[in-house]
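Report on the structure given below.
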Amino acid sequence: MREFTPPQFLASTFEISSLVHRYATKALQPTLRGCQQPANHMSTRPTKRLRIATEGGANHDFVLLPDDDYSDIFSRDATLRPHRTTGVDLFHINRLVVRSDKAWAETSWAPPDDESYALDPDGAWYDEILTQEVLTESITPTQPPKKEKKKKSQVSRRPHVIWKKIHRSTYLDEILRISGRADFQGSPACPDCLTRKNPSPGVPEYRCNECFLPDLTCKACCVKRHRTNPLHRIQQWSGTHFTPVSLQSLGLTIQLHHASMRCENPSPCHSSMLILHTNGVHKVSINYCNCSRAIPQHIQLLRRRFYPASQRIVKTCATFELLDLLHKFSLTTKASIYDFYRGLEKLTDSTGLQTPKSRYRSLSRMNLQWRHLKLLKWGGRAHDPAGVDATQPGQLAVRCPSCPYPDINLPDGWENADPGVRFLYMLFVCMDANFRLKNQLVSSYSQDPGLGIGWAYMVPREPYEQFIKTRTNDQDISTCVGFQALAQANTRFSQGLRTTGVGGVFCGRSEMVLPLGLGNLQKGERYANMDYVFISAIHTYMLLLILISYDVACQWFKNLFSRLEDAWPPEPQLPSVARLIPAIPKLHEPMHNTANHQVFSLNYIPGVGLSDLECPERVWSAHNALGNSTKTQGPGSRHDVLDDHFGFWNWQKFVGMGRTLLRKYRAAVAARNIQNEGHRGLTTSLGEDLVQAWEDMCVAWEQDTFPKQKKNPYNTEGSAITEAQAKKELATDEEKRLSDGGAVLHSTSAPAFVSLGLEIEETQRRLRRLAQNISTQATARKEGGLTEQRNQLTARIRAWEQLLPIYLPGLLQYQMDRRAAGEEDAIPEHAEDHPVWLPSQLPCDNRQRICVKDLPGIEEKLRTAQCYDALRNLRHILKIKTRLIKFKNKNVRGQRDGTRSRAVIDRVHEKARVAVEKYRAARAAKLNLTGPGEWEKELRVLYDADVRGYQDPNQLQKSQGRQGTLEDAQVEDDVVMQAPSNPGQTDDFTLLVEERARRDGTGETRRTLSWIWITGQVTDDPNNANDDILRAEWAKSRARAARAREEVLLLREEMRRTLVFLAWKSDWWMKQAARRAVDGALAEALDAYCHSQSALYSALAVRFRELWQNPLNDIDAPLDTNAANAHAIPLIPSSKAKRTTNGVAEGGQNEEDNEDFDELENSEEEGSDDDEGSEGDSSDDDGDEGNGDSTSR
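For the sequence shown, the residue numbers in this note's numbering are 251 to 1443.
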């Protein structure tokens, strides 16, 4: 493609002549030369106050310029050179002197790094939490204390109340005052006539609603005033009120093609000429030029910024301002043109008495052409001497600047990189389908062929449809999981539809749509459609590694290459050098079968960083509303509209790349440091030989090709039944029952009904803990998050309760009997308190009467599996706790060695509480169902004292002093806390750190192993060589640390590639200026547009580099508690307080999951009387940066 010619400024590996070589301002010179600033300054802004930590915290040294890379030292000179045309001094980076044999792996520019960022500076937090008992609530804050805000005035706190009491009547009077002549009711004569000293001044009875000064003039002066503003709305004073009149009725005629507004031979326009403007629909009189200078009439209109709806006899025009407003309105709101036109009609006449003839169809036609012309303009097609028709497929698409492009933003020799860093040059691709963007059988391609199908994001139609016709008999069968993508691939409802949706391919890192990455789906999400769209999107990327994420990748990827060899068309073709790596997005992966699915998990694939690759869902969510207007459009128009909207999406992502990568980099550095410290502590506590064996196992599994045959280090083996296995067995039993002639009560089977009830119980427990952790001073955002989750749970409960009459037919009578006996339960206030009517909640003597047959047995089997699952998770967590304590007591000395991540310990404790609560609830339900029995010997009552590691002693016994030897206060301070003889089972069991002075029964000879370690046949190997749980946890910890390190490297490389791409694009635009040989005003316009676009990309490069210069220094915005694996280290210490979560119950997440890194929350600013937002609200729109308006292209 023409855009991707090798740039001349990338002459060698690290020779980037200038990343920001055009139009850089002198304002950056002090920053780029390196401001010498005290270490306690957290920002380079001169007016920012000093931040001095007085109580410890996550301080880090101030980093000056990012001149020092990881391991290489570069010599560079920062010089200023004048621009050849403007004379402005520009920043220039001279050629880098490479001093390393692995220079290709390093970057020519990278943001600074800090290995202590977000870590505990002195180990105090870690020491305090590590010595806590597992069930002790964390008392270390997760966020810095809120700054004491200035008390807001009553106007700021209650603006509507003050306005209603004081200003409402005044505002109403002033609005009504405009209905009269206001300040000009006493004017005896026309002020314009008096100014010109007209001996016969006219009567002032006309005023303009658009002009700034609403004075009254006579008819002639009003027309003269509006010769250059012919679309203003005029009113005439009738003596009692104002009535609307048009400038046409007053005699105004617009003359085209003459600046003097006079022509020797004017030609009038059509009598029904209407012009659509932002303030309504106007009937105007226009004279065309018909003298010797005449040009075509539609060209005359265009040169006065009137867009004609036709070219021969023009009856309708729209102003450029209206078309631009409509364009932005539809792009941002996804509303239809019909709604917009209805608004124009209401602006013209809201009563319907004088509504002009509808020009809706004409406006639709003009809008579609306007969209298309904008794409051509932004794509530089007006500068090509070959013309618009020479546009290549995908050439009008906005490309991701951070993606790797050989010969554009990749260094020379990238293909020879060491295997350990090749992932830096890997393309991340996501694929998914959307069934909201359907299209009805309206019009046809012969009537509506489209203006540029295949020039941006939609694949070329004819070759695509020809290929699909050859694959009509393909069957896509899933053996993994019943996703709708496969279950409805050939049965998706398609009656009356031309297309049932679209399939898309996206950049997994920036969430931008790839060129030629969208294709229509004729009947569901079939392999044939997705194969073609996938190959079409990546066929121009000549890279060695391509990661493809698809929610059914485990099935789709199996026979991909065989399908590509079976009658595949000559174009497009899979890049011959590319190695494809399949993956499943993080949200979808847990829904698949777990057997050996780690090969598709983004948690364990090397080189993927912290990518979740769920970007298709985000793209679709922003465009689902578009389906309301595109489903009734013609096929060609729909293609053009989709290209335009996805181009706008890409442009917003493009200009927001600076802040997006900045946020991700901050979170990634914190996550890397946290994960590295946690994994280092776990690894050091194990034997070297054992660690090496596990390391070799992990490396062998990672290097094994697909499908992997090596032993999976992440799998654990156990003999106890799991909850998933129990559900599978119940489903098999249900299938057998139905095959034997059993009755079908409902499409939701009895096992599924009970499983849904258990899931609701799990959600209720999670919400109860979340509500408990949210403090009374919680922000509106946190409370809103909890309320939203409660509403979702309420909807689930209501849907589930619709099945109660089927599976618990006697429940209604049972509830009525309870009400009659006065035992009616109180109405729950929140969803988490709502009763879940399962057999275990019913009395034993009434259970058989209320429930259908076998329902209690189904729940009993699932409850048993829940108990074993909870114990398995609890043991898994306690082993990590034991290892961390052992390492701390044995090895940690000094301040630096104590900087362990508090997030690791907090997550251990939180997940242990969740497992304990789940076990206790499941066991209590099982006891109600089956009663006492032999099973209680294995599934015992879980007391707080039982929750301890396999190397931990029993809880300390209280040592009673001799009576009379200690005062009461001394006894309270000296004795050690003791578990009662009948230990309780508290939800938040609190056990403070003991003063280990007097103890009883804590020696090695009296140590006993908690029963949880001898239930379910858990291996107890002192050498841990056969400990599957510990090995799997170590492997997952290793994977988490590796992914976090990779994320930092990927972001550094993406920042570098973005700057180089912007510099290349800036040069590309400058090269377009002289390509087309034209004369006069058009040549000047083409050159001016090239310079403006070049300046835009250079300005973006300057802005991005300014943002990335010192990304870790601004600590005003604390890390989101969801950002660094759910528990970020607070950057500013505070007094001990109960931990709160940011709207998410941490214990409900999987241990191996690397949580997505959300946006950093902006710090709350001090309130003022002019505050428009509520306290605690913060926003950070990616599109606010770098002239986010798409017209700036």
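Virtual Cβ for every residue (Gly too), placed ideally from N, Cα, C.
As the structure is a prediction and not an experimental result, all values here were calculated from the model.
Discussion item. For A920, tell me which candidate among R592, P361, L369, Q1065 has the shortest Cα-Cα distance.
Written reply: Taking the sequence shown and counting its residues from 1, one reaches residue 920 at position 670. Nearest C-alpha to A920: L369.
Practice prompt. Compute the Euclidean distance between the alpha carbons of R1306 and A1345, then round it to the nearest angstrom.
Written response: Working through the sequence shown from its first residue, we reach residue 1306 at position 1056. Working through the sequence shown from its first residue, we reach residue 1345 at position 1095. Spanning the two alpha carbons is a distance of roughly 19 Å.
Item to complete: Go through its chain and collect everything with a Cβ distance to H508's Cβ below 7 Å, but skip five positions before and after it.
Response: Sequence index remark: in the sequence shown, residue 508 carries index 258 (1-based). Once the five neighbours on either side are set aside, the close Cβ partners of H508 are C539.
Discussion item. Would V1444 and M681 qualify as a contact pair, given that the criterion is a beta-carbon distance under 8 Å?
Written reply: There is no way to answer for residue 1444, as the model of the chain reaches only from 251 to 1443.
Fill in: Closest by C-alpha distance to P819, when choosing among S786, R483, L1309, G928
What you label residue 819 is simply residue 569 of the sequence shown in a count that begins at 1. Selected option, being the one with the closest Cα: S786.
Fill in: Pair within 8 Å by beta-carbon distance, K688 and L747
The count along the sequence shown starts at 1 and reaches residue 688 at position 438. The count along the sequence shown starts at 1 and reaches residue 747 at position 497. Going by C-beta atoms, K688 is nearer than 8 Å to L747.
Worksheet item: Closest by CA to L766, which one among Q645, G931, G857, P362?
Response: As a first step, residue 766 must be located in the sequence shown, where it is residue number 516. The candidate whose alpha carbon is nearest that of L766 is Q645.
Item to complete: Evaluate G1160 with the Cβ neighbour count: other Cβ atoms within 10 Å of its Cβ, from every protein chain shown; 16 or more gives buried, anything less gives exposed.
Response: Against the sequence shown, residue 1160 aligns to sequence position 910. It is Glu, not Gly, that sits at residue 1160 in the sequence shown. When all chains shown are included, E1160 counts as buried.
Discussion item. Less than 8 Å between the C-beta atoms of R1531 and L1179, yes or no?
Written reply: The shown model of the chain, from 251 to 1443, leaves out residue 1531, and the question about it has no answer.
Worksheet item: Is the beta carbon of E799 less than 8 Å from the beta carbon of V709?
Response: Indexing the sequence shown from 1 puts residue 799 at position 549. Indexing the sequence shown from 1 puts residue 709 at position 459. Position check: residue 799 holds Ser in this sequence, whereas Glu was assumed. No, they are not a contact pair.
Worksheet item: Quick one: what's T528 bridged to in DSSP?
Response: Translated into the one-based positions of the sequence shown, residue 528 becomes position 278. None; T528 has no bridge partner.
Worksheet item: In whole angstroms, what separates the C-alpha of R1018 from that of S1287?
Response: As a first step, residue 1018 is located in the sequence shown; it is residue number 768 there, counting from the start. As a first step, residue 1287 is located in the sequence shown; it is residue number 1037 there, counting from the start. Distance between the alpha carbons of R1018 and S1287: 29 Å.
Discussion item. Quick check: the Cα distance between Q883 and N962, rounded to an integer number of angstroms?
Written reply: As a working note, residue 883 is residue 633 in the sequence shown. As a working note, residue 962 is residue 712 in the sequence shown. Between Q883 and N962, the C-alpha separation is close to 52 Å.
Worksheet item: How would you call C1094, buried or exposed, if buried means at least 16 neighbouring beta carbons within 10 angstroms?
Response: Taking the first residue of the sequence shown as 1, we reach residue 1094 at position 844. With fewer than 16 Cβ atoms within 10 Å of its Cβ, C1094 is classed as exposed.
Fill in: For R1146, three-class secondary structure by DSSP
Taking the sequence shown and counting its residues from 1, the one referred to as residue 1146 is at position 896. With a pLDDT of only 46 at R1146, under 50, the local geometry of the prediction cannot be trusted, and no value is derived from it.
Worksheet item: Is DSSP giving K469 helix, strand or coil here?
Response: Counted from its first residue, the sequence shown places residue 469 at position 219. Note: K469 maps to helix in three-state DSSP.
Practice prompt. Please say whether L863 and P825 have beta carbons closer to each other than 8 Å?
Written response: Here residue 825 refers to the residue found at position 575 of the sequence shown. Here residue 863 refers to the residue found at position 613 of the sequence shown. In this structure, L863 does not lie closer than 8 Å to P825 by Cβ.
Item to complete: Name, in chain order, the residues that DSSP records as bridge partners for Q800.
Response: The residue given as residue 800 occupies position 550 in the sequence shown. In the sequence on display, residue 800 carries Tyr and not Gln. Looking at the DSSP assignment, Y800 forms a beta bridge with M681.
Item to complete: State buried or exposed for Y588, treating a residue as buried only when at least 16 other CB atoms are found within 10 Å of its CB.
Response: Within the sequence shown, residue 588 is the residue found at index 338, counting from 1. Exposed, because fewer than 16 other Cβ atoms sit within 10 Å of the Cβ of Y588.
Worksheet item: Who does I484 pair with in a DSSP beta bridge?
Response: Taking the sequence shown and counting its residues from 1, the one referred to as residue 484 is at position 234. C458, V495, per the DSSP bridge assignment.
Worksheet item: In whole angstroms, what separates the C-alpha of L1008 from that of E1079?
Response: The count along the sequence shown starts at 1 and reaches residue 1008 at position 758. The count along the sequence shown starts at 1 and reaches residue 1079 at position 829. L1008 and E1079: Cα-Cα distance of roughly 21 Å.
Fill in: Residues near E673 by beta carbon distance below 6 Å, same chain, minus five either side
As a position in the sequence shown, residue 673 is number 423, starting the count at 1. Before going further, note that residue 673 is Phe rather than Glu in the sequence given. Closer than 6 Å at Cβ, skipping near neighbours: G857.
Discussion item. Between the segment 636 to 654 and the segment 1294 to 1312, can you find at least three pairs of beta-carbon atoms closer than 8 Å?
Written reply: yes
Discussion item. Going by beta-carbon coordinates alone, are V835 and D801 separated by less than 8 Å?
Written reply: Here the question's residue 835 lines up with position 585 in the sequence shown. Here the question's residue 801 lines up with position 551 in the sequence shown. Rather than Val, the amino acid found at residue 835 in this sequence is Pro. Yes. Within cutoff.
Worksheet item: Are C1340 and A1323 closer than 8 Å when you measure CB to CB?
Response: On the sequence shown, position 1090 is the one that residue 1340 refers to. On the sequence shown, position 1073 is the one that residue 1323 refers to. Closer than 8 Å, so yes.
Fill in: Distance, A585 Cα to Y591 Cα
Position 341 of the sequence shown holds residue 591. Position 335 of the sequence shown holds residue 585. Their backbone Cα atoms lie some 11 Å apart in a straight line.
Worksheet item: D363: which of R553, P643, K402, N923 sits nearest, CA to CA?
Response: Here the question's residue 363 lines up with position 113 in the sequence shown. D363 has its Cα closest to that of N923, out of R553, P643, K402, N923.
Item to complete: Could you tell me if the beta carbon of A1165 falls within a distance shorter than 7 Å of some heavy atom in the ligand PLP?
Response: The ligand content of the structure shown is nil, which means the ligand PLP is not present either.
Worksheet item: If you check the beta carbons only, do R1353 and L1309 fall under 8 Å apart?
Response: Translated into positions along the sequence shown, residue 1353 becomes position 1103. Translated into positions along the sequence shown, residue 1309 becomes position 1059. It is not a contact, given that the beta carbons lie outside the stated cut-off.
Item to complete: Decide yes or no for the touch test of the segment 496 to 514 against the segment 530 to 550: beta carbon pairs closer than 8 Å, at least 3 of them.
Response: yes
Practice prompt. With a threshold of 16 other CB atoms inside 10 Å of the CB of E927, please say whether the residue is buried or exposed.
Written response: Working through the sequence shown from its first residue, we reach residue 927 at position 677. It counts as buried.
Discussion item. What does the alpha-carbon distance come out to for the pair G937 and D946?
Written reply: If you number the sequence shown from 1, residue 937 lands on position 687. If you number the sequence shown from 1, residue 946 lands on position 696. Distance between the alpha carbons of G937 and D946: 14 Å.
Discussion item. Buried or exposed, going by whether 16 or more other CB atoms sit within 10 Å of the CB of V1394?
Written reply: Within the sequence shown, numbered from 1, the residue matching residue 1394 stands at position 1144. Low per-residue confidence applies at V1394: pLDDT is 31, beneath 50, and the placement is therefore not dependable enough to give any value.
Discussion item. Alpha carbons only, please: which of A778, D1337, E839 is nearest the one belonging to S812?
Written reply: Locating residue 812 in the sequence shown gives position 562, counting from the first residue. Ranking A778, D1337, E839 by Cα distance to S812 puts A778 first.
Worksheet entry | Y1193 in three-state terms, based on DSSP | Along the sequence shown, one-based indexing puts residue 1193 at 943. Y1193 falls in the coil class under three-state DSSP.
Worksheet item: According to DSSP, what are the bridge partners of F556?
Response: Reading the sequence shown from its first residue, position 306 is the one you call residue 556. F556 pairs with T569.
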